[in-house]
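*Asks:*
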Amino acid sequence: MTRTVLEGRFFTRIALFAVICAAGAAGCGGDDGRGPADDAWAYTQRDVVGPNGQGTTDSIRADVYVDATTSMVGYLAGGASRYTRFFRELESSLASGWAYSNLGYFKFGSRVRSISRNTFRDADRRAFYRESGVSQTTRIDSVLEQMNRSKISIITTDLFQNESDVTALVSRVKTEVFQQGLSAAVLGIRSEFDGRVFDARVPAYNYASTRDEEDTYRPFYALMFGKVAELRRLFQTLQSSPAVSRDYFVLISPYLVEDYRASVRKTRESRKLNATAVQEDDSRFAFDLQSGGTGGTLRANIVLDRAPNTPRIEANRVEMTAYRKKLSRRPGEGDTTSTRTRDLTLEALRSSEDTLRATLRMNLEDDPSGTYSYKTVFRPGATDGLGVPTWVERFSSKSPSPQNGPNKTLNLEKFISDLIQASNSVRRPKLAKLYITVRKL
Amino acid sequence: MRSAPLNYLISVAFGGLLWLGTGYWVANYLKFNVSLGVGTTVDYFVGVYRIVLAMAAVIGLLACFFWFYYGSQEGTASNLEGAKRVWTISFFVQLALSIVAVATIFAIFENAIFTAAQYAVFFAVMSAHTYLFYWLCTLVLSPRTVKYIPWGMR
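Just so you know, the sequences run in chain order E and L.
221 is the number that our numbering gives to position 221 of the first sequence; each next residue is one higher, with no gaps.
Position in the second sequence counted from 1, then plus 441, gives you our numbering.
1. Is the segment 494-508 of chain L touching the segment 284-296 of chain E, taking contact as three or more C-beta pairs under 8 Å?
2. According to the Cβ coordinates, are E:Ala-229 and E:Pro-51 closer than 8 Å?
3. The segment 455-482 of chain L: which residues have C-beta closer than 8 Å to a C-beta of chain E, in chain order?
4. Can you list, in chain order, the residues of its chain whose CB lies under 6 Å from that of E:Ala-470, leaving out five sequence neighbours each side?
5. Taking 8 Å as the cut-off, decide whether the C-beta atoms of E:Ser-417 and E:Val-388 are in contact.
6. When you compare only the Cα positions, how much space is there between L:Phe-550 and L:Phe-486?
7. What's the call for E:Asn-411, buried or exposed, on a 16-neighbour Cβ count within 10 Å?
8. Just by C-beta distance, which residues in the segment 554-567 of chain L are closer than 7 Å to chain E?
9. On the DSSP bridge list, what partners appear for E:Asn-274?
10. Output the distance between the C-alpha atoms of E:Gly-24 and L:Gln-535, rounded to the nearest integer angstrom.
11. Just to confirm before moving on: does the CB-CB distance between E:Phe-448 and E:Thr-175 stay below 8 Å?
12. Once the 5 residues before and after E:Glu-365 are set aside, which same chain residues still bring their CB inside 8 Å of it?
13. Under a CB-based cut-off of 8 Å, is E:Pro-265 close to chain L?
14. Check whether the Cβ of E:Val-278 lies closer than 8 Å to any Cβ atom in chain L.
15. To the nearest whole angstrom, what separates the beta carbons of E:Glu-163 and E:Lys-414, a pair I think is in contact under 8 Å?
16. Using a Cβ distance threshold of 8 Å, determine whether the segment 308-319 of chain E contacts the segment 386-406 of chain E, with at least three qualifying pairs required.
17. Kindly indicate if chain L contains any beta-carbon less than 8 Å away from that of E:Arg-306.
18. When the Cβ atoms of the segment 128-147 of chain E are set against those of the segment 176-194 of chain E, are three or more pairs found closer than 8 Å?
19. Check each candidate in L:Asn-552, L:Ser-583, L:Tyr-465, L:Lys-588 and name the one with the smallest Cα separation from L:Ser-476.
20. Going by alpha carbons, who is nearest to E:Val-438 out of E:Lys-272, E:Gly-78, E:Ile-152, E:Arg-190?
21. So with Cβ pairs under 8 Å, would you call E:Arg-268 a contact of chain L?
22. Using C-beta distances below 8 Å, list every residue in its chain close to E:Ala-450, excluding the 5 sequence neighbours before and after it, in chain order.
23. Distance cutoff 8 Å, beta carbons only. Does E:Asn-274 sit that close to anything in chain L?
24. Just checking my contact of L:Leu-573 with L:Pro-591 at CB under 8 Å: how many whole Å lie between their CB atoms?
25. Beta-carbon of E:Gln-236 versus every beta-carbon of chain L: anything under 8 Å?
26. For E:Ala-185, which residues from the same chain have a beta carbon less than 6 Å from its beta carbon, with the 5 sequence-adjacent residues on both sides left out?
27. So, is the C-beta of E:Arg-271 closer than 8 Å to a C-beta in chain L?
28. Give a yes or no on whether 8 Å exceeds the smallest Cβ distance from E:Leu-441 to chain L.
29. Which residue spans inside the segment 92-122 of chain E form an unbroken alpha helix (DSSP H) run of at least 4?
30. Let's test the definition: count the other Cβ atoms within 10 Å of the Cβ of L:Asn-448 and tell me whether it reaches 16, buried, or not, exposed.
31. Comparing alpha-carbon positions, which option in E:Asp-122, E:Tyr-260, E:Val-197 lies nearest E:Ser-399?
32. Please list, in chain order, all residues of the same chain as L:Ala-518 whose beta carbon is under 7 Å from its beta carbon, the five residues on each side excluded.
33. Which one or two residues does DSSP pair with E:Gly-296 in a beta bridge?
34. Alpha helix (DSSP H) containing L:Ser-539: first to last residue?
35. With a Cβ-Cβ cutoff of 8 Å, do E:Ile-420 and E:Thr-355 count as a contact?
36. Could you give the distance in angstroms between the alpha-carbon of E:Pro-254 and the alpha-carbon of E:Ser-183?
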């Protein structure tokens, strides 16, 4: 009897001991000493990818400005050209693309004048382009002066400008559009043409396109200003028009990508560096730098989902900026604001298709033990980081003449290139952001 | 202590303690010191290490249970030579298993770079859960009829 009682107590103690061990193991396993990493940054991609379809409503408010100078008469080409059809299709596209559309109409040249819808519909007649005080010179900058920034502005013109005109116009677009948080878009439409080409570096000359030979058509342009989401939607809507080609459109905004995916791995040679966490959906990565380690090399693979019809990214000019925050669990010890750092630097960058392959060098030699969180931002180069689409090069000429590119547009490439540069200088687009947390042991 | 179920329970408790030490403290040493492959995270490494460790521990424990059961059978007392053979085979099977466990870790983390000391730690840890655990448990907790069979008892 006594033996049974003693054994019973012993079993109870053993069971209790086992429970304590199990609880201890579970408790110990839950805390591996990893530093705080989740509250360092806002972890948003919105400043990279933009509104992505959000930001538009059921209604559109747009002003249509028609270049009513005599140089546009040739686009009538007998009255049934893509140019004349474009205006009708523009109205119907806006009506079908939004539940409610509120359109204003203007003609411009030497000055800007509001016109009725009926007058606007006369844009397919020669008389529209003969109004005294309007038809002499093209002053796009005067449109910019008076455009309503809460609306989309659509300016149809041949964009024939000399170099000083381009500089002045781009400067105006920079202040009136880009610095106001708006974006620009240029849609090129090749149209039949039969008339005189003015303002080239050679005397005005006659030019006539050949029916059904698109390469002989002369392009005109819809220059559009507004919020980026509205411009994207407007272009999608306009694509239903037979006159509009999806290839001849460029959207100039701070957003060049719609999405991106990234992976960051250490190199095999970085022996003191180990990955501790990988969250590719959020582009968040964490590493341990072992005791005695000074840094290592990381390879980042960034697959960009490019926004369509945006400027070409010059991969060899992509830059990376790293910002750092020191993290701490103890209140007051961590950094509340980030600082630019050279702990992480871009050693090399290669690109193929829409994939960037970056080699990052990490150097924490002078830093004490602790947890450091880095936000790395990849951007196109500040100068010449973005290029014009190839169609712009094809449509453009520095000196169109009867013998050389008679149907090309004077200085179009310079104009678009300068617009891209102006937008880039106001708000440089971001291509991707990676968050890398390093715990130096 | 040598009779059921006490010997079973003590071996479970001892195995649990051993797992705690090797699955947590040794794991922590390794996670802060090994150089893992390019795409391997520390959590994955520790997870695999603990799983392999647990499998080795369970096999070691089952071998002990088998010996306790086998040793308590009436027929075993009349065939101690056979029992000695069973114990020895079981011991060497455990030894082989510890090598397999270490090899498994190396195979899974073939791109990791381990130092000689880390190789030794892996083998020591797996040994502790297999043939050393088996030897120690059977040395102290074997049923009376077979208590003199494990090495070191005489």
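Heads up, the beta-carbon is just placed ideally off N, CA and C, and yes, glycines get one too.
Keep in mind that this is a model prediction, so the values were computed, not measured.
*Replies:* A quick look at the data gives this:
1. no
2. yes
3. Gly-457, Leu-458, Trp-460, Leu-461, Gly-464, Tyr-465, Asn-469, Lys-472, Phe-473, Asn-474, Val-475, Ser-476, Leu-477, Gly-478, Val-479, Gly-480, Thr-481, Thr-482
4. The structure shown does not extend to residue 470 of chain E, since chain E is modelled only from 1 through 441, so no value can be given for it.
5. yes
6. 8 Å
7. buried
8. Ile-554
9. E:Asp-288
10. Its pLDDT being 44, under 50, E:Gly-24 is placed unreliably by the model, and the measurement read from it follows with that caveat. If I take the Cα positions, the gap works out to 28 Å.
11. The requested residue 448 of chain E is not part of the displayed model; chain E covers only 1 to 441.
12. Thr-294, Gly-295
13. Reading off the sequence, residue 265 of chain E comes out as Arg, not Pro. Answer yes: the Cβ-Cβ gap between E:Arg-265 and chain L drops below 8 Å somewhere.
14. yes
15. 7 Å
16. yes
17. no
18. yes
19. L:Asn-552
20. E:Lys-272
21. yes
22. Limits of chain E in this structure are 1 at one end and 441 at the other, which puts residue 450 of chain E out of reach.
23. yes
24. Wrong, their Cβ atoms sit about 12 Å apart, outside the cutoff.
25. no
26. Met-224, Leu-231, Leu-251
27. yes
28. yes
29. 117-121
30. buried
31. E:Val-197
32. Thr-586
33. E:Met-362
34. 521-549
35. no
36. 8 Å
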